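Following: one structure in structure tokens, then a few remarks.
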Amino acid sequence: MLFDYKPPMSPLDILHQDKDIVVLNKPCGLLSVPGRQNHMKDSLSQRVQEKFPEATVVHRLDMDTSGIMVMALNIKAHRHISRQFEKRDTEKTYEAWLYGAVEKDEGEIDLPLIIDWPNRPLNIVDIKNGKQALTRWKVLERQQDRTKVAFTPVTGRTHQLRVHAQAIGHPILGDSLYAHKTALSMASRLMLHATMLTLTHPYSKEIMKFTSASRF
Numbered sequence: 105m106l107f108d109y110k111p112p113m114s115p116l117d118i119l120h121q122d123k124d125i126v127v128l129n130k131p132c133g134l135l136s137v138p139g140r141q142n143h144m145k146d147s148l149s150q151r152v153q154e155k156f157p158e159a160t161v162v163h164r165l166d167m168d169t170s171g172i173m174v175m176a177l178n179i180k181a182h183r184h185i186s187r188q189f190e191k192r193d194t195e196k197t198y199e200a201w202l203y204g205a206v207e208k209d210e211g212e213i214d215l216p217l218i219i220d221w222p223n224r225p226l227n228i229v230d231i232k233n234g235k236q237a238l239t240r241w242k243v244l245e246r247q248q249d250r251t252k253v254a255f256t257p258v259t260g261r262t263h264q265l266r267v268h269a270q271a272i273g274h275p276i277l278g279d280s281l282y283a284h285k286t287a288l289s290m291a292s293r294l295m296l297h298a299t300m301l302t303l304t305h306p307y308s309k310e311i312m313k314f315t316s317a318s319r320f
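For this note's numbering, count along the sequence shown from 1 and bump the result up by 104.
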């Protein structure tokens, strides 16, 4: 059975572009890179490459996560930015609406993660065999049945924010993979947005900070 992939047809939202990098605002529902099946080839990277054929992907966002992504426009830039992500020299912030009332105002989640092979692409907490995963968080807003938080991932594991939110009993609203039925029904999309990315420009070596306000 084919996955029902219906990406939004909105135009590219370019936040910054120079000879080395292009920074974009990825919409929810669009893959970062082409999927394996033919009907899932449409992606942010493919759309960007139609305008900038030399563009290459240095990091990804989940299909249902919206927000800031950077792509390199030459080999030197690709290597430089990739190294920053590998060494955790970049800074990233996400905003998310979580289910329920989060008790504290801030904290961190230090729970190792591993892919759940029988149920991939799901990931799970595995204290013994998982890879270290650390997320810092801070409450931004409270409503009766939900809490808005800022997530700062220190590591960059697959689905890290989604699994960590689930693990503390406050799944992200609209999360089709990790939320329980009530939390899933409380939003029409995954309520997770990459709001800030800070990196060092590969040519000028300037510290650059890009922001994108969440639209939920």
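Glycine residues also receive a C-beta, built at the ideal position from the N, C-alpha and C atoms. All values reported here derive from a predicted model rather than from experimental measurement.
| Item | Value |
| --- | --- |
| For H143 and S280, what's the separation of their Cα atoms in angstroms? | 20 angstroms |
| Where are the beta strand (DSSP E) runs, 3 residues long or more, that stay fully inside the stretch 241-315, in chain order? | 250-257, 296-304, 311-315 |
| I'd like to check one pair, L294 with T160: are the Cβ atoms closer than 8 angstroms? | no |
| Helix, strand or coil: how does DSSP classify Y109 here? | coil |
| Report yes or no: do three or more beta-carbon pairs, one from the stretch 191-206 and one from the stretch 255-274, lie closer than 8 angstroms? | yes |
| Quick check on H163: does DSSP put it in helix, strand or coil? | coil |
| Q141 bridges to which residues according to DSSP? | In DSSP, Q141 forms no bridge with anything. |
| Quick one, which of P306, R240, K130, G171 has its alpha-carbon nearest V152's? | K130 |
| If you count every other CB in all the chains shown that lies within 10 Å of the CB of F314, and 16 or more means buried, which is it? | buried |
| Between F189 and the rest of its own chain, which residues show a CB-CB distance below 8 angstroms, the 5 nearest in sequence each way excluded? | V162, H163, G260 |
| Could you tell me the boundaries of the beta strand (DSSP E) in which I228 lies? | 227-229 |
| Work out the CA separation of N223 and M105 for me, nearest whole Å. | Unreliable placement is indicated for M105, whose pLDDT of 49 sits below 50; no coordinate value is reported for it. |
| Three or more C-beta pairs under 8 angstroms: does that hold for the stretch 209-225 against the stretch 178-192? | no |
| Between which residues of its own chain and A291 is the CB-CB distance below 6 angstroms, once the five residues before and five after are set aside? | L277, G278 |
| Pair every Cβ in the stretch 168-182 with every Cβ in the stretch 107-125, then say whether three or more of these pairs are closer than 8 angstroms. | yes |
| Could you work out which residue in H268, L165, H305, Y109 is closest to T299 when comparing CA atoms only? | L165 |
| With DSSP collapsed to three states, give me the class of L148. | helix |
| Unbroken alpha helix (DSSP H) runs of length 4 or more, entirely within the stretch 168-248: which are they? | 179-190 |
| Looking only at its own chain, which residues have a Cβ that is under 8 angstroms from the Cβ of T286, when we skip the five neighbours before and after it? | Y203 |
| Take S186 and list the residues in its own chain whose beta-carbon comes closer than 7 angstroms to its own, dropping the five residues that flank it on each side. | V162 |
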